[in-house]
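Beneath this line is the structure, given in structure tokens, with notes to follow.
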Amino acid sequence: MIATKRLALGVASIALGGGVTLAGVPAATAAPAAPARTAQSQTAQGDVSAHAKCSKWLDYAYGRGRAHAKCPGYYVQVTVKCGNGKKYNSKPYWRDGYNKAECPKGVGAIGMSGKLY
């Protein structure tokens, strides 16, 4: 169990350090807009992997790979790259402070990316 968690953390570190890019959503589906913010709290969109205040990790729980990002004070969107070669977005697409994206049952996560607003 501990070796599995270490492997997941190692994969997350490699994937994030390697500059994994965000995959677009399928052409037929537009990405939802980020929630509205006041002018005072408005920040530019950024990359989850480049932001120092974000905690990012991959795990395998409940029979599937998952990607997580916790970024206090920001709306977060996460995309997970799975062992089946496909990418999946977080649901809901934007969430305040924390978000996760999951692979289908029985498929592990091999990388992640995301956005901040």
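In terms of the numbering used here, the sequence shown opens at residue 12 and continues consecutively.
Where a beta carbon is used, it is the ideal one built from N, C-alpha and C, also for glycine.
Between Y128 and C114, which are expected to be in contact by the criterion C-beta below 8 Å, what is the C-beta distance as a whole number of angstroms? Sequence index remark: in the sequence shown, residue 128 carries index 117 (1-based). Sequence index remark: in the sequence shown, residue 114 carries index 103 (1-based). The pair is not a contact, with the Cβ atoms about 24 Å apart (cut-off 8 Å).
Is it true that the CB of G74 sits closer than 9 Å to the CB of G117? Residue mapping note: residue 117 aligns to position 106 of the sequence shown, counting from 1. Residue mapping note: residue 74 aligns to position 63 of the sequence shown, counting from 1. A contact, by the Cβ cut-off of 9 Å.
DSSP beta-bridge partners of G125: The residue labelled residue 125 in the question sits at position 114 within the sequence shown. Per DSSP, V89.
Evaluate K67 with the Cβ neighbour count: other Cβ atoms within 10 Å of its Cβ, from every protein chain shown; 16 or more gives buried, anything less gives exposed. To locate residue 67, count along the sequence shown from 1; it is residue 56. Classification of K67: buried, given that the 10 Å Cβ count is 16 or more.
Cβ neighbour criterion (16 or more within 10 Å) applied to K97: Your numbering for residue 97 matches position 86 in the sequence shown. That one is exposed.
First through last residue of the beta strand (DSSP E) which encompasses N100: The residue given as residue 100 occupies position 89 in the sequence shown. Unbroken beta strand (DSSP E) run through N100: 98 to 100.
Please name the residue, chosen from C82, D70, G76, that lies closest to K64 on a Cα-to-Cα basis. Here the question's residue 64 lines up with position 53 in the sequence shown. Considering only alpha carbons, the answer is C82.
Quick one, are the C-beta atoms of S101 and D58 less than 9 Å apart? Counted from its first residue, the sequence shown places residue 101 at position 90. Counted from its first residue, the sequence shown places residue 58 at position 47. No.
Do Y71 and G122 have their C-beta atoms within less than 9 Å of each other? As a first step, residue 71 must be located in the sequence shown, where it is residue number 60. As a first step, residue 122 must be located in the sequence shown, where it is residue number 111. No. Outside cutoff.
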